[in-house]
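Novice: Chains as they are written, first to last, in my numbering: chain R, 43 to 354; chain A, 22 to 464.
One structure, pasted below without further comment.
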């Protein structure tokens, strides 16, 4: 796996980690009013970073594998544009809800449902891109029903929903749901590993090293353990381990895409790669510094003590 | 096939037409908020703080919708024009790539700015820094996206002859996309127009409120807002007019067919007149007023300068002549706005309080709407003027398009959705501000 592929897979893993948390928040917002205010406080930076990372992934994909665009355009145009429609709906109603009064519940429900819809479509596209399910001859079309109903996709959606729930429960320290969170994490991880090993592995041509799968399992299981045992560090551990877990599962797929096509056949050979890496390194460092500053100033810095009133 | 290509074009055009409104507001608004913060830091006048607070609410909502519509545009580029984006990916992707980081910066520091208000931090310097970074990142985003558009107008950075010969991309210079022959003037024109139109829309709204409000405190607040925004509009308009003229003049040698179609020139000629008005009939311009020699002077600096004519080029490469019809109102509305701004400036110099005059307030509202028309008309003219090419003289629109008929119903659904969500966003913004007391924001 070369540096550009690692970069491309890492950006996707970063996006999916953030988006999984957002999906968990969206689901809990539908059913757990008591935690809504706490989740809302952190939602704005999460969706902004998740959305921006998604755009970055699209740009990186175009730069790294431009040859793939014909397949994406021909086969995945419809689901991707429908997902974008839900994205418009999601962003609009999330921002409305931040400033609304009486309509808060209705706006939040629209936000939550559209986020879940995006997740289902995105996972279906991802699983089809991985296994080739639903793709027609010469990769020129997509049978969306076949892609949606493929066994790997169903396992992927259920597993992701469970992991998303457990991540949100850990991130927002929902004490009354800790048991549910731990159970959801373990069951979700088991499903994802089962799907990757038996269903995804079945369509690949490679020998499939089991080391990566075991490492992914260990990473995700550790996250689940943190979720249950150490609630103060759980959210950070969960985020980092989820990222690693997703990256390892993606690595299982490499170098295949659309079932058994070699992804390197779509790679950019124009000499842009070097610039891509330099820009990512410089931009990434600036971004990390900015995010660290944001986290410090927004979440960690102590608020100044109120000045005592002279009347008191 | 033709239906699908038309649907691709309609959806892309509609999405971009909506997105550029959000984009120009996203570029202008951070600057206005930053200026409000600077004014508050200097004067401690709470009206400026209230202006910053209220406009940041607008910015967040429009940023959220704009982020989604921007993502949609990015996706549309990839799925509706896969062949085009595959070429861009190999030759001119770096501006898009850097833009992603500018976009990150905007999102991160906008969050930090908002949070400073939520926590009632009275740290004006920190807020100014946050908003300055948002403003720079927003402008940078606009500039970088424009660089890709400049690449489409004047492609560079690879062996074009080789590509036309056998479709292979060789001799790639990735950094060339940052500086094609039309990049500088295009970036200057797009940014100045963005500041002009984005700020003008808020100036028009402030003028509308001045017509409606009777309360002294509120009137004073809106007057201060009007004066502040006016200067942004004025300076941006001067630069937009200058860069607009330069932009048309540069087409003379960079995209001669586009120049000829916009000016309505069928034949190459010296002492070329400027055609005002006119309707294209069967491929020729009719019913116009001609000002002798003016076009040659504007394009070449000399009345004897020769301007290109469409008949020098194969008819298959002619842009639609409708671009001339789009050009006239562009120039006319530009002149009208310029004259109105000059009048307001004159009244300010003479201390005649322009924002007290009801007639001027009405005219400013009309001019604000006119500036929006100017933006859309100018953008559409520039894009239609490049037809039939998506990349000038390299790749045609029909070659680049996704010919899948699936696009037709999706395009219709997305356009319908846009038509609902945009007015709804305005309605929500109005409801938010109707329920929010100015006095509370001034505290």
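Where a beta carbon is used, it is the ideal one built from N, C-alpha and C, also for glycine.
I want to know whether the region 43 to 58 of chain R touches the region 313 to 328 of chain R - three or more CB-CB distances under 8 Å.
Specialist: These segments touch.
Novice: Going by beta carbon distance, what residues of the same chain come within less than 7 Å of residue 406 of chain A, once the five residues before and after it are set aside?
Specialist: Here residue 406 of chain A refers to the residue found at position 385 when the second chain is read from its first residue. Correct list, in chain order: 279, 282, 283, 340 and 344.
Novice: So, helix, strand or coil for residue 64 of chain R, using DSSP?
Specialist: By one-based count along the first chain, residue 64 of chain R stands at place 22. Looking at residue 64 of chain R - three-state DSSP - the assignment turns out to be helix.
Novice: Distance, Cα to Cα, residue 249 of chain R vs residue 234 of chain R?
Specialist: One-based indexing of the first chain puts residue 249 of chain R at position 207. One-based indexing of the first chain puts residue 234 of chain R at position 192. Only weak support exists for where residue 249 of chain R lies, its pLDDT of 46 falling under 50; the value from the coordinates is given anyway. Residue 249 of chain R and residue 234 of chain R: Cα-Cα distance of roughly 19 Å.
Novice: Taking 9 Å as the CB-CB limit, is residue 58 of chain R close to chain A?
Specialist: Here residue 58 of chain R corresponds to residue number 16 of the first chain, with the count starting at 1. Answer no: the Cβ-Cβ gap between residue 58 of chain R and chain A never drops below 9 Å.
Novice: Nearest to residue 215 of chain A by CA position, among A:423, A:230, A:400 and A:97, is which residue?
Specialist: The sequence position of residue 215 of chain A within the second chain is 194, counting from 1. Ranking the options by Cα distance to residue 215 of chain A, first place goes to A:400.
Novice: How about residue 201 of chain A: is its C-beta nearer than 9 Å to some C-beta of chain R?
Specialist: Mapped onto the second chain, residue 201 of chain A falls at position 180. So, not an interface residue.
Novice: Figure out for me which residue from A:421, A:203, A:288 and A:448 has the closest Cα to the Cα of residue 271 of chain A.
Specialist: Here residue 271 of chain A corresponds to residue number 250 of the second chain, with the count starting at 1. Comparing Cα-Cα distances from residue 271 of chain A to each of A:421, A:203, A:288 and A:448, the minimum goes to A:203.
Novice: Comparing C-alpha positions only, which one of R:197, R:64, R:196 and R:169 sits nearest to residue 184 of chain R?
Specialist: Within the first chain, numbered from 1, the residue matching residue 184 of chain R stands at position 142. Of the candidates R:197, R:64, R:196 and R:169, the one whose C-alpha sits nearest the C-alpha of residue 184 of chain R is R:169.
Novice: Is the CB-CB distance between residue 197 of chain A and residue 177 of chain A below 9 Å?
Specialist: One-based indexing of the second chain puts residue 197 of chain A at position 176. One-based indexing of the second chain puts residue 177 of chain A at position 156. In contact: residue 197 of chain A and residue 177 of chain A (Cβ atoms closer than 9 Å).
Novice: What residues match up with residue 301 of chain A in a beta bridge as DSSP calls it?
Specialist: Locating residue 301 of chain A in the second chain gives position 280, where the first residue counts as 1. DSSP, once it has assigned bridges, lists A:306 as partnering residue 301 of chain A.
Novice: Quick one, which of R:164, R:314, R:121 and R:279 has its alpha-carbon nearest residue 192 of chain A's?
Specialist: Counting from 1 along the second chain, the entry for residue 192 of chain A is found at position 171. The option with the nearest alpha carbon to residue 192 of chain A is R:314.
Novice: Report yes or no: is there a C-beta of chain R within less than 9 Å of the C-beta of residue 112 of chain A?
Specialist: Walking along the second chain from the start, residue 112 of chain A turns up at place 91. Closer than 9 Å: yes.
Novice: Which residue comes first and which comes last in the alpha helix (DSSP H) that contains residue 196 of chain R?
Specialist: Start at 1 with the first residue of the first chain, and residue 196 of chain R comes out as number 154. Where residue 196 of chain R is concerned, the enclosing alpha helix (DSSP H) stretches over 193 to 213.
Novice: Which partner residues does residue 416 of chain A have in the DSSP bridge list?
Specialist: Counting from 1 along the second chain, the entry for residue 416 of chain A is found at position 395. In DSSP, residue 416 of chain A forms a bridge with A:412.
Novice: Check for me: the alpha helix (DSSP H) holding residue 400 of chain A runs from which residue to which?
Specialist: Walking along the second chain from the start, residue 400 of chain A turns up at place 379. Looking at the DSSP string, the run of the alpha helix (DSSP H) that includes residue 400 of chain A is 379 to 406.
Novice: For residue 460 of chain A, does the count of other Cβ atoms within 10 angstroms reach 16, so buried, or fall short, so exposed?
Specialist: Position 439 of the second chain, counted from the start, is the residue given in the question as residue 460 of chain A. Residue 460 of chain A should be labelled exposed.
Novice: On the three-state DSSP scale, how would you describe residue 424 of chain A?
Specialist: By one-based count along the second chain, residue 424 of chain A stands at place 403. If DSSP states are grouped into helix, strand and coil, residue 424 of chain A belongs with coil.
Novice: Within 10 angstroms of its Cβ, does residue 312 of chain A collect 16 or more other Cβ (buried), or is it exposed?
Specialist: The sequence position of residue 312 of chain A within the second chain is 291, counting from 1. It is exposed - the Cβ of residue 312 of chain A has fewer than 16 other Cβ atoms within 10 Å.
Novice: Can you name the residues of chain A whose CB is closer than 8 Å to the CB of residue 133 of chain R?
Specialist: Along the first chain, one-based indexing puts residue 133 of chain R at 91. Within 8 Å Cβ-Cβ: 85, 86, 88 and 89.
Novice: Give a yes or no on whether the C-beta atoms belonging to residue 314 of chain A and residue 293 of chain A are separated by under 9 Å.
Specialist: Locating residue 314 of chain A in the second chain gives position 293, counting from the first residue. Locating residue 293 of chain A in the second chain gives position 272, counting from the first residue. Yes, these two residues count as a Cβ contact at 9 Å.
Novice: Are the C-beta of residue 126 of chain A and some C-beta of chain R separated by less than 9 Å?
Specialist: Here residue 126 of chain A refers to the residue found at position 105 when the second chain is read from its first residue. With 9 Å as the cut-off, residue 126 of chain A counts as an interface residue toward chain R.
Novice: Just to confirm, is the Cβ distance from residue 128 of chain R to residue 159 of chain R under 9 Å?
Specialist: The residue you call residue 128 of chain R lines up with position 86 of the first chain. The residue you call residue 159 of chain R lines up with position 117 of the first chain. Taking 9 Å as the Cβ cut-off, residue 128 of chain R and residue 159 of chain R qualify as a contacting pair.
Novice: Can you give the Cα-Cα distance for residue 454 of chain A and residue 195 of chain R, rounded to whole angstroms?
Specialist: By 1-based counting over the second chain, the position of residue 454 of chain A is 433. By 1-based counting over the first chain, the position of residue 195 of chain R is 153. Approximately 45 Å, taken between the alpha carbons.
Novice: On the DSSP bridge list, what partners appear for residue 107 of chain A?
Specialist: As a first step, residue 107 of chain A is located in the second chain; it is residue number 86 there, counting from the start. According to DSSP, residue 107 of chain A bridges with nothing at all.
Novice: By how many angstroms is the C-alpha of residue 226 of chain R removed from the C-alpha of residue 276 of chain R?
Specialist: Taking the first residue of the first chain as 1, we reach residue 276 of chain R at position 234. Taking the first residue of the first chain as 1, we reach residue 226 of chain R at position 184. Roughly 15 Å between the two C-alpha positions.
Novice: Find the nearest neighbour of residue 164 of chain A within the set A:243, A:118 and A:448, judged by alpha-carbon distance.
Specialist: Position 143 of the second chain, counted from the first residue, corresponds to residue 164 of chain A. Of the listed residues, the one whose Cα sits closest to residue 164 of chain A is A:118.
Novice: Smallest Cα separation from residue 126 of chain R: which of A:32, A:360, A:384 and A:422?
Specialist: Position 84 of the first chain, counting from 1, holds the residue named residue 126 of chain R. Checking every option, the nearest Cα to that of residue 126 of chain R belongs to A:32.
Novice: To the nearest angstrom, how far is the alpha carbon of residue 410 of chain A from that of residue 122 of chain A?
Specialist: As a first step, residue 410 of chain A must be located in the second chain, where it is residue number 389. As a first step, residue 122 of chain A must be located in the second chain, where it is residue number 101. Each residue's Cα considered, the two are about 30 Å apart.
Novice: Taking residue 120 of chain R as the reference, give the member of A:159, A:434, A:60 and A:170 with the closest Cα.
Specialist: Working through the first chain from its first residue, we reach residue 120 of chain R at position 78. When each option's Cα is compared against that of residue 120 of chain R, the closest is A:434.
Novice: Measuring straight from C-alpha to C-alpha, what distance separates residue 3 of chain A and residue 220 of chain R?
Specialist: The shown model of chain A, from 22 to 464, leaves out residue 3 of chain A, and the question about it has no answer.
Novice: By the three-class DSSP mapping on this structure, what secondary structure does residue 55 of chain R have?
Specialist: For the purposes of this step, residue 55 of chain R is identified with residue 13 of the first chain, where counting begins at 1. Three-state result, residue 55 of chain R: helix.
Novice: Enumerate in chain order the residues of its own chain whose CB-to-CB distance from residue 68 of chain A is below 7 Å, with the five nearest sequence positions on each side excluded.
Specialist: Residue mapping note: residue 68 of chain A aligns to position 47 of the second chain, counting from 1. Here the set comprises 241, 242, 245 and 463.
Novice: Does the CB of residue 241 of chain A have a neighbour CB from chain R at under 9 Å?
Specialist: Within the second chain, the letter at position 220 stands for residue 241 of chain A. It does not; no Cβ of chain R falls within 9 Å.
Novice: Determine whether the Cβ of residue 335 of chain R lies closer than 9 Å to any Cβ atom of chain A.
Specialist: Taking the first residue of the first chain as position 1, residue 335 of chain R is located at position 293. Yes, residue 335 of chain R counts as interfacial toward chain A.
Novice: Checking the sheet assignment: what are the DSSP bridge partners for residue 295 of chain A?
Specialist: The residue you call residue 295 of chain A lines up with position 274 of the second chain. According to DSSP, residue 295 of chain A bridges with A:312.
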